[in-house]
Ligand SMILES: Cc1cc2nc3c(=O)[nH]c(=O)nc-3n(C[C@H](O)[C@H](O)[C@H](O)COP(=O)(O)OP(=O)(O)OC[C@H]3O[C@@H](n4cnc5c(N)ncnc54)[C@H](O)[C@@H]3O)c2cc1C
Ligand code: FES
Ligand code: FES
């Protein structure tokens, strides 16, 4: 990349900043607290779970600014490029910001450690969609934990201040901010720090050439898995290729009964479209991580990490999704179930990456059910996730696809259970036969999330639930 820039440019509050020569695998949290002297942003878990480190990234979308809450502990520094980084310090530049004042009014802070994170999550919400009821508050704040105040007063403050768009110094300054953001240097990044290299190409062709030339490089999408390799496993990533700047990978289009989702589309951007395809998919995405995690994480990363408990693969298998993989100028298509070869081992060849997911739109009469079973409803990883696509015609099973996560070393279809259903009458006896057949499909393991016996029981009972929910 001959035209690439070697520094990260962004707005810190309202002031332009340029960072050159820093470690590109330093987190935004480490930079804020350790280098910028902005310690209002707290470190709680340092793994995306508690929300204490929540900051807001504003970026130009269309004619305006879009504000999103992010966990600074799971963002590498180059993610700031071209954006406005807003921390709790920037809110009270004049007087307390309305979201801060609401926290005071409702007595919603005790020790205060979690408060900057809550305030920033509320600030982003106050600049986006109105928060209208307690359910919406719970979804909004599922990624922010408080150990001492209790949530009712925080929820009351949120409902009060986020019910309508807030007018503040950021809205007032919007035209200036847009102009300053537009004037920031643009184009691909090629950063160096000692022997470490970090590329952020801005076109699909350049990305493909880089991944082919450096097959050992780590591909970085939202980083909600990759950043933890550095911060929790202390891995040194010598070569990283970020896909976030590639516009082609952020496309979401419908074409001939197929929804095409680029590998760089984050959950938040995909959620409404997936919910429109089927409510079960929207609800599944709503339960992935938290708002902050969904603002960064991608479906492509959820598939490529090869985890047996990623939530999207079972649903995409049930829908018959196909992956488009690219190596250089060559692409190939793969049914998603053929992608997972063994525990965390996928069909990606060296130099290859996921370009997009093609998801068939359900035909009239097809039913999709997806059930994620985890210890907590929100911000938790599945013990078992079952996904079912069934077509019933005149009381008979005309088509069926069943897939589970958490039941084996890879997410997988359940062929014996499918055979026990296909072409048979849709009744409880048939379902009980399929429940028994699950045993031929899987021998689950016991681990910290669930025992083998629990998983097997849940997998069987999810089939029964499918029948009971859709018996009519
Ligand atoms: C607090 C928290 C909560 C979470 N909750 C859930 C949850 O409820 N359910 C769930 O399933 N997961 C959850 N996760 C895991 C994670 O958020 C998801 O797996 C997410 O989808 C990963 O996407 P990403 O874009 O962040 O991937 P990254 O971290 O950027 O990458 C993940 C892996 O995929 C590879 N990769 C990424 N994109 C591509 C590509 N286009 N081609 C080839 N390889 C690629 C990377 O090299 C890496 O190996 C959670 C994580 C955190 C931190
Ligand atoms: S410190 Fe807990 S989410 Fe970042
Ligand atoms: S006020 Fe103490 S952790 Fe929330």
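In this note's numbering, the protein residues as written are 497 to 968. Note that CB positions come from ideal geometry on N, CA and C, so glycine has one too. All values derive from a computational prediction rather than experimental measurement.
Which residue comes first and which comes last in the beta strand (DSSP E) that contains residue i?
i	result
residue 529	From DSSP, residue 529 is part of no beta strand (DSSP E); its letter is neither H nor E.
residue 567	560 to 567
residue 504	503 to 508
residue 863	862 to 869
residue 511	511 to 516
residue 748	748 to 751
residue 821	818 to 823
residue 851	849 to 856
residue 554	550 to 557
Leaving aside the five residues before and after residue i along the sequence, list all residues of the same chain whose C-beta is less than 8 Å from its C-beta, in chain order.
i	result
residue 600	592
residue 857	750, 753, 754, 755 and 773
residue 727	523, 542, 543, 569 and 570
residue 779	771 and 866
residue 602	649, 650, 652, 653 and 656
residue 499	683 and 684
Rounded to the nearest angstrom, how far is the Cβ of residue i from that of residue j, given a contact under 8 Å?
i	j	result
residue 808	residue 798	5 Å
residue 742	residue 763	Not confirmed; about 18 Å, so no contact.
residue 955	residue 933	With 8 Å as the limit, residue 955 and residue 933 do not qualify as a contact, their Cβ atoms being about 11 Å apart.
residue 640	residue 621	Their Cβ separation, rounded to whole angstroms, is 11 Å, which puts residue 640 and residue 621 out of contact at 8 Å.
residue 578	residue 505	7 Å
residue 792	residue 719	6 Å
residue 512	residue 680	7 Å
residue 708	residue 847	4 Å
Only counting the same chain, and skipping five residues up and downstream in sequence, which positions put a Cβ closer than 6 Å to that of residue i?
i	result
residue 444	In the structure as shown, the chain starts at 497 and stops at 968, and residue 444 therefore has no counterpart that could be examined.
residue 938	903 and 904
residue 873	none
residue 833	813 and 909
residue 817	832, 853 and 855
residue 869	879, 880 and 954
residue 890	none
For the alpha helix (DSSP H) holding residue i, just list the boundary residues, first then last.
i	result
residue 804	Unbroken run through residue 804: none, as it is neither H nor E.
residue 961	948 to 966
residue 911	911 to 917
residue 782	775 to 782
residue 722	722 to 727
residue 617	611 to 622
residue 647	647 to 657
residue 791	787 to 792
residue 587	584 to 587
residue 600	594 to 601
residue 631	630 to 637
residue 937	924 to 937
residue 829	No alpha helix (DSSP H) holds residue 829; the beta strand (DSSP E) holding it covers 826 to 831.
residue 703	700 to 709
Note down the Cα distance separating residue i from residue j, rounded to an integer number of angstroms.
i	j	result
residue 853	residue 520	29 Å
residue 842	residue 746	23 Å
residue 837	residue 900	15 Å
residue 894	residue 859	13 Å
residue 784	residue 880	14 Å
residue 667	residue 928	59 Å
residue 633	residue 560	25 Å
residue 877	residue 609	25 Å
residue 806	residue 882	11 Å
residue 943	residue 588	46 Å
residue 637	residue 770	22 Å
residue 958	residue 850	31 Å
residue 545	residue 919	45 Å
residue 682	residue 765	23 Å
residue 913	residue 936	8 Å
residue 811	residue 864	9 Å
residue 947	residue 775	30 Å
residue 595	residue 552	14 Å
residue 555	residue 949	48 Å
residue 635	residue 787	7 Å
residue 795	residue 590	40 Å
residue 460	residue 686	Because the chain is modelled from 497 through 968, residue 460 falls outside the range shown and cannot be assessed.
residue 547	residue 845	36 Å
residue 767	residue 581	24 Å
residue 528	residue 537	8 Å
residue 886	residue 896	4 Å
residue 497	residue 699	11 Å
Got a sec? Which residues, its chain only, sit under 7 Å from residue i by beta carbon, not counting five neighbours each side?
i	result
residue 712	735
residue 645	604, 605 and 606
residue 660	626
Check the Cβ-Cβ distances between residue i and every residue of chain C, and say whether any is below 7 Å.
i	result
residue 841	Among the chains in the structure shown there is no chain C, since it carries only a single protein chain.
Beta carbon shell of ligand 3 at less than 7 Å from a heavy atom:
605, 606, 607, 608, 609, 610, 611, 642, 643, 644 and 645
When a residue counts only if its C-beta is closer than 6 Å to some heavy atom of ligand 2, which residues count, in chain order?
539, 540, 541, 542, 544, 545, 546, 547, 548, 549, 567 and 569
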